[in-house]
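Chemist:
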Amino acid sequence: LRGGAEAAVAELPQEAVPPNPRKIYIGNLNRRAPLSSETVDECRSFMQAAGNVVSVDLKSDRGGRSKGFGLVEFETEEGASKAVATLSGCLFANRPVILRPDRGFDPEHYKQVNEKREAAKAAGATVRRAAKVYWPRCPRECRVYVGNIRFGTRWDAVREHMAKGGQVTFGRIIKQAREDADAPGGVRYVSRGFAIVQYATPEDAARAIETVNGTTLNGRRIFVRPDESGGPKKGAAGA
């Protein structure tokens with residue numbers, strides 16, 4: 032649910048709603064794009080390939096922009112099933128759509144999921160405060176971005192590989208917090224697939240871009256370019 036917690040809660044039914052076998056969920060629409068009657072009509076035409084469509088309900092925020100998902104109701108269960116089987120993954124508005132059967136709404140399940148999400152956010156904030164990483168100051172030209180790093184690769188391996196270009200003084204594989212399925216209410220940090228590497232001099236960084244870019248690290252071809260992000264912020268999660 033997106034578009035503001037209060038608005039989202041206000042839209043939710045107060046009682047349980049059973050799944051509707053004639054209704055399907057459509058996702059991966061262009062979020063934040065303005066919704067219009069033309070968009071709804073185009074979605075209806077797209078879905079008509081599977082059967083007669085009764086209604087199309089594409090969700091939007093208060094500003095009239097798409098939330099990226101919606102519900103489509105067919106005249107028959109067969110039409111809904113055919114849409115999921117034949118149209119999921121097909122392009123609509125230049126995006127592959129996600130289609131699945133309607134799951135209805137269970138207030139108790141929503142409450143549990145929301146409480147778990149809030150607990151994970153609180154735990155993540157605590158962990159981030161306890162594990163802040165402060166990057167040494169340096170000219171922007173001393174830092175490089177290293178992309179396409181295989182998940183599971185350790186920082187030591189990245190540092191050793193990038194040292195082929197010059198003296199590495201600091202760096203981190205950038206990570207993000209994820210809910211830990213094995214520890215309800217907990218979080219774990221997983222790689223985002225890239226690292227920021229800091230060199231002793233701008234010349235070392237330039238040499239790394241020239242000589243290490245396109246080389247193979249842990250079975251994957253990495254790319255190295257100047258860091259254009261302005262440098263990691265204080266407290267950036269990394270390892």
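Here the numbering used here is used: position 80 in the sequence shown is 111, and no number is missing along the way. Backbone N, C-alpha and C fix where the C-beta goes; we use that ideal spot for every residue, glycine too.
Out of V189, E108, V128, which has the shortest C-alpha to C-alpha gap to R62?
Modeler: Position 31 of the sequence shown, counted from the first residue, corresponds to residue 62. If we check each option's Cα against that of R62, V128 comes out closest.
Chemist: Does DSSP put S260 in a helix, in a strand, or in coil?
Modeler: Taking the sequence shown and counting its residues from 1, one reaches residue 260 at position 229. Note: S260 maps to coil in three-state DSSP.
Chemist: Between which two residues does the alpha helix (DSSP H) holding K110 run?
Modeler: As a first step, residue 110 must be located in the sequence shown, where it is residue number 79. Looking at the sequence itself, residue 110 is Gly, so the reference to Lys does not match. Element bounds for G110: 108-118.
Chemist: What did DSSP end up calling E73 once you bin it into helix, strand or coil?
Modeler: Taking the first residue of the sequence shown as position 1, residue 73 is located at position 42. Three-state result, E73: helix.
Chemist: When DSSP labels each residue in this structure, what does K142 get in the three-state scheme?
Modeler: Position 111 of the sequence shown, counted from the start, is the residue given in the question as residue 142. Here K142 sits in helix by DSSP.
Chemist: In its own chain, which residues sit with a C-beta less than 6 angstroms from the C-beta of G99, not counting the 5 before and 5 after it?
Modeler: For this step, residue 99 is matched to residue 68 along the sequence shown. L60, R62.
Chemist: Are the Cβ atoms of V87 and G101 separated by less than 8 angstroms?
Modeler: On the sequence shown, position 56 is the one that residue 87 refers to. On the sequence shown, position 70 is the one that residue 101 refers to. Taking 8 angstroms as the Cβ cut-off, V87 and G101 qualify as a contacting pair.
Chemist: Can you tell me which residues form a DSSP beta bridge with A226?
Modeler: Within the sequence shown, residue 226 is the residue found at index 195, counting from 1. In the DSSP output, where bridge partners are listed per residue, A226 has V177, I204.
Chemist: What is the rounded straight-line gap between the Cα of L118 and the Cα of N125?
Modeler: Your numbering for residue 118 matches position 87 in the sequence shown. Your numbering for residue 125 matches position 94 in the sequence shown. Rounded to the nearest angstrom, the two C-alpha atoms are 14 angstroms apart.
Chemist: With DSSP collapsed to three states, give me the class of K54.
Modeler: Position 23 of the sequence shown, counted from the first residue, corresponds to residue 54. Strand, per DSSP.
Chemist: Could you give the residue range of the beta strand (DSSP E) that holds D88?
Modeler: If you number the sequence shown from 1, residue 88 lands on position 57. Per DSSP, D88 belongs to the beta strand (DSSP E) from 84-91.
Chemist: So, under 8 angstroms CB-CB, R203 and A188 are touching, yes? Tell me the CB distance rounded to an integer number of Å.
Modeler: For this step, residue 203 is matched to residue 172 along the sequence shown. For this step, residue 188 is matched to residue 157 along the sequence shown. That belief does not hold up - the Cβ atoms of R203 and A188 are roughly 13 angstroms apart, past 8 angstroms.
Chemist: May I have the straight-line CA-CA distance separating A47 from K206, to the nearest angstrom?
Modeler: Here residue 47 corresponds to residue number 16 of the sequence shown, with the count starting at 1. Here residue 206 corresponds to residue number 175 of the sequence shown, with the count starting at 1. About 37 angstroms.
Chemist: Quick check on the burial criterion: 16 or more other C-beta atoms within 10 angstroms. Buried or exposed for G197?
Modeler: Mapped onto the sequence shown, residue 197 falls at position 166. Looking at its Cβ environment, which holds 16 or more other Cβ atoms inside 10 Å, G197 is buried.
Chemist: Starting from I129, trace the alpha helix (DSSP H) both ways and give me its first and last residue.
Modeler: Along the sequence shown, read from residue 1 onward, the residue named residue 129 stands at position 98. From DSSP, I129 is part of no alpha helix (DSSP H) but of the beta strand (DSSP E) over 129-132.
Chemist: Run through DSSP, which three-state label would P65 get?
Modeler: Your numbering for residue 65 matches position 34 in the sequence shown. P65 falls in the strand class under three-state DSSP.
Chemist: Buried or exposed: which applies to S10, given that a residue is buried once 16 or more other Cβ atoms fall within 10 Å of its Cβ?
Modeler: The structure shown does not extend to residue 10, since the chain spans only 32 to 270, so no value can be given for it.
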